[in-house]
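Novice: The sequence shown begins at 27 in the numbering used here and counts up by one.
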Amino acid sequence: LRLNIDSRLSLDSLLKRITLASATAASSIVTQRIEFDRIAQQLPPFKASLSVGSKNIIAAFLSKKGTSLKSLQLTLANDSALNMNGILHEYVTPTTIVDTMRLALWQKSDAINFMMAMNNRPESPGNWAEMNLTGVIEPSSLSANLTQKDFNDKTGFELGAEASWLDSVIYIHLTPEHPVIGYKEWELNTDNFIRLDLSKKTLDADLALSNSVSSVRFYTQTATDSLGDKKTINLSAKDIMLQEWITLNPYAPPIKGSVSGDISVFHRGDTINGNANVRLSDFFYGKGRVGDFRVLADIETQPRGYIRAKGGVDVNDSRVVTVNGHINDTTASEPFMLDMRVDSMPLAVANPFLSDAGLKLSGLLDGNMKVTGEMTSPTFNGYVSFDSASVKVNMLGTEYALSDNRIAVDSGIIVFDKFNIKGVNENPLVVDGTVNMHNISNPAIDLAFNAKNMQIIGSDRARGGAEVFGKAFVDFNATARGNMELMKVNADVNVLRNTNATYILTDATQTLSSRSQSDIVKFVNFADTLQVEQADSIKPTGMLLGIDANLQIQPGVTVQVYLSGDGKNRVSVQPQGNLDYNMDLMGAQTVTGRLTINSGFARYTPPLMGEKLFNIQEGSYVAFNGNMMNPSLNIRAVDNVKANVTQTGQSSRLIYFDVSLAVSGTLEQMEVKFDLSTKDDITVENELSSMSPEQRASAAMNLLITNMYTGPGTTATSNIGGNALYSFLESQINSWAANNIKGVDLSFGVNQYDSTNDGSTSQTTSYSYRVSKSLFDNRFKIVVGGNYTTDADNDENFSENLINDIAFEYVLNKSGSMTLKLFRHTGYESILEGEVTQTGVGLTYRKRMTTLGQMFWFMRARYRRQMKLLEEQRKAQLEKEAAESSSKE
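Here's what the structure looks like:
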């Protein structure tokens, strides 16, 4: 940051001449004539220059406002004439980006010429390639001309104005005769004018703009009758396209529509009356049509300050809002009163404005509101109510019905008395509390929210197209207390066991597949503020918000994430645990707690490879220790892979391997390890045990990619081309099943391998399947699996392997802590035992414990019962002895 000021005069002379020039400038305001030549002569000769970079006190101040600049150069000089030159590079605000801006002022005799130019790059928002403002300031007049062009060199705006002033009269004339507004050429009346007399407080005008479709006219009329002069100010418009007039502003809202109507104001002495009839047709916000609107108003004033007003608003040709009121009516009981009635206002008109929030309203709004008291502190009394209204959350594909109970407004206090928002299962979210509107700009809020077993998700993805679908049930308790400056929220959310929700992450597969092909190296110019966000600035928030929330997930909850739109690639987990979320008033966020994954799987099918299904093992967890974006991980998953193994001098055999994936560390410093094991073959199991962890990890990765086991002492044989073909066939079959077979989880496997038996080798094809189905709110689950091999006897395949795995699971209690399982499993224990079939029943009981002593709760319970019995016996003995002693006395 550098500021230089040079002058050949002494300090005393410098100050005297500055004082003299200031007095002349002040007198120019009184005389309404700016004498630039005289002011320049009185000012001392000087040259001042200002240089501002991106690292100084000014840049630090701007950064706190969310604003930055790369450089600013400004010079101001007086050497027989005043002149100024400046250039600004890369000026960025939260809503504006200016690449280059230039400013020049130079004195010529008794006038000041000025020029301002702005140039942008194509990546800047809007369509401002360049904009120029030029003009001349003379002692009693001003002329200016504005032009704007887009990046195709098309003129979007070309409009000028000439203004002059004399005494207290200001005269304005617009130019040119054919201006350009919104990329269209208009015709302007050549004798147009606007004349404002400040001393008499009068306005005269005649201004008309038109093209082949639209027109607008601003004019005045004067008539004389028995009561005196009556002046009328009129504004009439026909088919004015909003989208054309706001093109100059690149940050204007995405609106369009046609405006037509008339506004008239009648002025006679101290009395002003007016009326308006304005229609907005085909009003759109973004891509959503809002509707047709019509506004009617009639205002009457009296010399004593009395104002009466009435009006209405029509939506789609139906009157929905009626307004009546008066101000300073000394004859009425309430000098100030405004009565507003709403009848069947369609809530759907708000949907285009809510599209970014993912909400959709339906139904009607009714209400009546009276505003009395003082203009500075009005008092509201009335009510609002909904009629067949609902709000749909598009992301959840779920619609929530709003209660038709009235929401009362009593002396400026909005009262929620058990206002219901119904979930899918009709169980409501109940809202109680008040919103104090005595201070309209900063209302006081005291609300409580309660819900019990409320179904917040209940959508079918096939019908709703939602990003989240399935079903979800919650208990919810929360309070919100504070105002628009300071708000504190406390919440408890309990996700209930019947929840089974799915989130669709449609771009995940594409992201995973392209991760290795793009953004490997990205060059960024950190000096370019158009590319780099100003991360070192703290953007002020309008409200200090403190949140303390607790999330509890019960056993039996299922959460799925679709990594592809068809659901073929997905992650499914059954989490359980507690999380505490806290956000302090400064915006710092922390999460503590632990999510335990009771079961789950991750399924992914790489291109031209078979399906990879990793089953997440019980005991895996994600722990949060403060930083919500960097939790600690302890996840173990296993993929059961079938491979053909041929050892030297032996026949080939199929073995099921467990490829385990262990993820530990934190999300920012993640450690991933692979391992390999088997229980089907004791020889291969011993071979794996003798290998180092690095060797087993290498064998595991090779098995995942090629479906071949390459351990010591084995001969790896495989038809690579056949494997790729059958892997592709398997992925296509599974994709078809996921899209067309609904209600069950079905997967197929197709493998071809070389089978060696008694020294001869032949190609064998193996087919497998697995079907699972959950019933009765996921309390009962059936799993059936089997396989068929072309080299085995048909009777053997159908009798023993067609259904070689079957399991029934039933959750005995609502909490999901007790599960009964009946199963039959066929597999290989070792090469010596061969095929083994296991049939059995199991009972699983889960209990969360905070101390080791809770494992022996039954022993403590027995001890307490014994101590209680001894205490009762001792008490009975004392009572008996006391009775005997009393009888003896």
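C-beta atoms are modelled at their ideal positions from N, C-alpha and C, and glycine is treated no differently.
Please list, in chain order, all residues of the same chain as Ser485 whose beta carbon is under 6 Å from its beta carbon, the five residues on each side excluded.
Specialist: Gly423, Thr424, Ala492 and Phe495
Novice: Using beta-carbon positions only, say whether Gln68 and Thr93 come within less than 8 Å of one another.
Specialist: No; because the gap between Cβ atoms is not below 8 Å, this pair is not in contact.
Novice: Where do the ends of the beta strand (DSSP E) carrying Lys454 lie?
Specialist: Inspection of the sequence shows that residue 454 is occupied by Pro rather than by Lys. Note, Pro454: beta strand (DSSP E), Pro454 to Asn462.
Novice: If you check the beta carbons only, do Val617 and Pro601 fall under 8 Å apart?
Specialist: Contact flag unset, no.
Novice: For the stretch 273-283 and the stretch 238-251, state whether three or more C-beta atom pairs, one from each stretch, are separated by less than 8 Å.
Specialist: no
Novice: Alpha carbon to alpha carbon, how far is Ile353 from Thr297?
Specialist: 15 Å
Novice: How would you label Gln662, buried or exposed, when you count the other beta carbons within 10 angstroms and need 16 or more for buried?
Specialist: For clarity, residue 662 is Arg in the given sequence; the question names Gln instead. Arg662 should be labelled buried.
Novice: If I'm right that His115 touches Lys96 with Cβ under 8 Å, what's the distance once you round it to whole angstroms?
Specialist: 4 Å
Novice: Could you name the residues of the same chain whose beta carbon sits closer than 6 Å to that of Leu235, not counting the 5 residues immediately before and after it, in chain order?
Specialist: Trp212, Leu214 and Val242
Novice: Can you tell me whether Pro581 is helix, strand or coil according to DSSP?
Specialist: coil
Novice: My output table needs one value for Ala278: the three-state DSSP class, helix, strand or coil.
Specialist: coil
Novice: List, from N- to C-terminal side, the alpha helix (DSSP H) runs of 4 residues or more that fit wholly inside the stretch 77-131.
Specialist: 83-90
Novice: Within 10 angstroms of the Cβ of Leu428, are there 16 or more other Cβ atoms? Answer buried if so, exposed if not.
Specialist: buried
Novice: Could you pull the start and end residues of the beta strand (DSSP E) that Met513 belongs to?
Specialist: Leu512 to Val521
Novice: Could you give the distance in angstroms between the alpha-carbon of Ile433 and the alpha-carbon of Thr357?
Specialist: Their Cα atoms are separated by approximately 32 Å.
Novice: Within 10 angstroms of its Cβ, does Asp308 collect 16 or more other Cβ (buried), or is it exposed?
Specialist: exposed
Novice: Three-state secondary structure (DSSP) at Met655?
Specialist: coil
Novice: Please return the same chain residues whose Cβ sits closer than 8 Å to the Cβ of Gly691, not counting the five positions on each side in sequence.
Specialist: Ser658, Leu659 and Glu697
Novice: Beta-carbon within less than 7 Å of Gly866's beta-carbon, same chain only, minus the 5 sequence neighbours each way: which residues are those?
Specialist: Phe849
Novice: Report the three-state DSSP secondary structure of Pro719 (helix, strand or coil).
Specialist: helix
Novice: Can you tell me the Cβ-Cβ gap for Asp318 and Asn303, rounded? I've got them flagged as a contact below 8 Å.
Specialist: Actually they are not in contact, since the Cβ atoms of Asp318 and Asn303 sit about 14 Å apart, beyond 8 Å.
Novice: To the nearest angstrom, how far is it from the Cα of Phe140 to the Cα of Pro165?
Specialist: Rounded to the nearest angstrom, the two C-alpha atoms are 14 Å apart.
Novice: Please determine, among Thr45, Ala170 and Asn146, the residue with the shortest C-alpha to C-alpha distance to Asp176.
Specialist: Asn146
Novice: Give a yes or no on whether the C-beta atoms belonging to Lys396 and Asp365 are separated by under 8 Å.
Specialist: yes
Novice: Among Thr327, Asn462 and Pro454, whose alpha-carbon lies nearest the alpha-carbon of Val441?
Specialist: Asn462
Novice: Going by other Cβ atoms of all chains shown within 10 Å of its Cβ, with 16 needed for buried, is Ile731 buried or exposed?
Specialist: exposed
Novice: Under the DSSP definition of a beta bridge, which residues are partnered with Tyr682?
Specialist: Lys668
Novice: If you run the structure through DSSP and keep just helix, strand and coil, what is Glu711?
Specialist: Glu711: helix per DSSP, three-state reduction.
Novice: Since Asn479 and Leu522 should fall inside the 8 Å C-beta cutoff, what is the C-beta to C-beta distance between them, to a whole number of angstroms?
Specialist: 6 Å
Novice: Near Glu203, what residues of its chain come up, given a Cβ to Cβ distance below 7 Å and the 5 sequence neighbours on each side ignored?
Specialist: Leu214 and Thr216
Novice: Three-state secondary structure (DSSP) at Pro378?
Specialist: Looking at Pro378 - three-state DSSP - the assignment turns out to be helix.
Novice: Please specify which runs of the beta strand (DSSP E), each continuous and at least 3 residues long, are wholly inside the stretch 296-342, giving them in chain order.
Specialist: 297-311, 314-327 and 333-341
Novice: Let me know if Glu713 comes out buried or exposed under the rule of 16 or more other beta-carbons within 10 Å of its beta-carbon.
Specialist: buried
Novice: Starting from Tyr735, follow its DSSP beta bridges and name the residues at the other end.
Specialist: Paired residues: none, contrary to the question.
Novice: Quick one: what does DSSP say Tyr197 is sitting in, helix, strand or coil?
Specialist: strand
Novice: Since Met893 sits in a beta bridge, which residues does DSSP pair it with?
Specialist: Residue pairing by DSSP places Met893 in no beta bridge whatsoever.
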